[in-house]
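Residue numbers (our numbering): 838 to 1340.
Heads up, the beta-carbon is just placed ideally off N, CA and C, and yes, glycines get one too.
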């Protein structure tokens, strides 16, 4: 990783400098690592020859890195990056690998960040006119100044084949769930929940048919039984409060291969189960067979290296024995392929969880700006490493969004390199084929709509799910800002009045 040595001798020297700055000797580290709280697991122990083994190229156990993080007061992720396995690779690969089924995304890294983002965004009114994101946030407080009481959010990627609300969420959408908000008597008919049940995860509406029974409500009959007993067959994880939707979905829906999970239900939020039980439940939740899991591991190994390969037999061992992968690369593979929450899995395995926030350079983490934090998160979520802050806009109150997702305050993710305009043919293209563009008129007005060119006119049309509208503008009087590739909508407390305006 950039900024971290890859030579074993350099790694050992870096560790030695960090320990020396903290006034720690090998003898002290070895002794303290075998006392509480580290004595709960022998894998936390760091022996006196630890640095010598690192110089020889041996990789420490992940528990040992947690020990060093706690003793030195430095970020756990710094230690993971030092050995080439940053925690960010887990949610990134989970999003990349899993398309067919709805899966949970490891949120330990981004959870506190998004919790702060949610808190800041609720109080921010939408701008009058569409603005680049970095201009919009200049007047907002830094994220570090907003301290949520606890991280209560869970994140999911909605699958292509098991969606129950296809017109509401595109396949590949990422949704944020507030796990502190469950079912209540005041729920309106449009509230959307996340339910974990015997056949996987569903993002849908819920009807309470008895004190201990719920029915999942979708736009069509689900491909599995929709009536579940709360507790043993289903758990309401929380309600959807934010969404990142790609404009181009993953593809056509395919027949769903159902595999009923064992009872009692082991939830993604479980806190008191054996690690091997949690791992087994995670694979069943994804709908993968051991053979398919091994194929996913080989797919990861192509860019990441052969150390990421895990065989079917090894996957099976993790499902029957309470052993955490010895090598960091295989830990990242297991949690990515099985869509495990990395931090919850390590906690269930008995690791003492480090909460330090200082870097190796003995600097406290500076308060993260909203723009840089969001840009990093969107790169991971969309798999777009080239995404820049200049590609992100906040949609204004007085501008026109001719798409159901684009409302005042929505965050638009653009590809400013894709500004090609389609020439209109006799047969108009379907809206899914025409580009959804953000265009600006000479008076500064913005419109987001499906665009084609006819002669010297730009024709802007609305999405089929909003009132039909067609606008015609001279090409010389418009500027195409970019193609809209995703829309991020976050909860807001303020209610902004939508004003209609024209070029």
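In terms of DSSP beta bridges, what is residue i paired with?
i            : result
residue 803  : Residue 803 is absent from the structure shown; the chain starts at 838 and stops at 1340.
residue 1297 : 1288, 1308
residue 1326 : 1080
residue 1061 : None; residue 1061 has no bridge partner.
residue 843  : Bridge partners of residue 843: none, in fact.
residue 1277 : 1283, 1316
residue 968  : 1231
Please state the DSSP three-state secondary structure of residue i.
i            : result
residue 1288 : strand
residue 1153 : helix
residue 1071 : strand
residue 1100 : coil
residue 912  : coil
residue 1139 : helix
residue 1283 : strand
residue 893  : coil
residue 902  : helix
residue 1033 : strand
residue 848  : helix
residue 937  : coil
residue 859  : coil
residue 1066 : strand
residue 943  : coil
residue 1320 : strand
residue 1313 : helix
residue 1145 : helix
residue 1042 : strand
residue 920  : coil
residue 1021 : coil
residue 1121 : helix
residue 888  : helix
residue 1095 : coil
residue 1087 : coil
When you compare the CB positions of residue i and residue j, do they come within less than 8 Å of one another, or not?
i            : j            : result
residue 1157 : residue 1113 : yes
residue 1178 : residue 943  : yes
residue 993  : residue 1056 : no
residue 845  : residue 891  : yes
residue 1100 : residue 1069 : yes
residue 1342 : residue 1072 : No statement about residue 1342 is possible, as the shown extent of the chain runs from 838 to 1340 and does not include it.
residue 1247 : residue 1136 : no
residue 1317 : residue 1258 : yes
residue 1174 : residue 1232 : no
residue 1075 : residue 1019 : yes
residue 977  : residue 909  : no
residue 1324 : residue 1242 : yes
residue 1145 : residue 1172 : no
residue 916  : residue 924  : no
residue 1314 : residue 1278 : yes
residue 1010 : residue 995  : yes
From residue i to residue j, what does the alpha carbon distance come to, in whole angstroms?
i            : j            : result
residue 1123 : residue 940  : 6 Å
residue 1142 : residue 1181 : 26 Å
residue 875  : residue 868  : 10 Å
residue 1043 : residue 1062 : 14 Å
residue 1065 : residue 1048 : 12 Å
residue 1034 : residue 1088 : 25 Å
residue 971  : residue 1102 : 44 Å
residue 1121 : residue 1176 : 10 Å
residue 1301 : residue 1008 : 18 Å
residue 1081 : residue 911  : 32 Å
residue 1022 : residue 1244 : 29 Å
residue 1155 : residue 1227 : 44 Å
residue 938  : residue 1240 : 26 Å
residue 1166 : residue 888  : 20 Å
residue 1025 : residue 881  : 49 Å
residue 1306 : residue 1296 : 10 Å
residue 1234 : residue 1274 : 18 Å
residue 1126 : residue 1039 : 20 Å
residue 928  : residue 1223 : 18 Å
residue 1032 : residue 1006 : 15 Å
residue 859  : residue 1168 : 29 Å
residue 1046 : residue 1091 : 30 Å
residue 1276 : residue 1086 : 22 Å
residue 1321 : residue 1230 : 10 Å
residue 1187 : residue 935  : 28 Å
residue 1290 : residue 1283 : 17 Å
residue 878  : residue 1107 : 21 Å
residue 933  : residue 1220 : 7 Å
residue 894  : residue 872  : 27 Å
Subject >> Complete runs of the alpha helix (DSSP H) confined to the region 1174-1256 [at least 4 residues] >> reply: As far as the region 1174-1256 is concerned, its whole alpha helix (DSSP H) runs of at least 4 residues are 1179-1185, 1207-1219.
**OP:** Could you tell me which uninterrupted beta strand (DSSP E) segments, each at least 3 residues in length, are contained entirely in the region 984-1019, listed from first to last along the chain?
**Re:** Complete beta strand (DSSP E) runs here, min 3: 990-994, 1011-1015.
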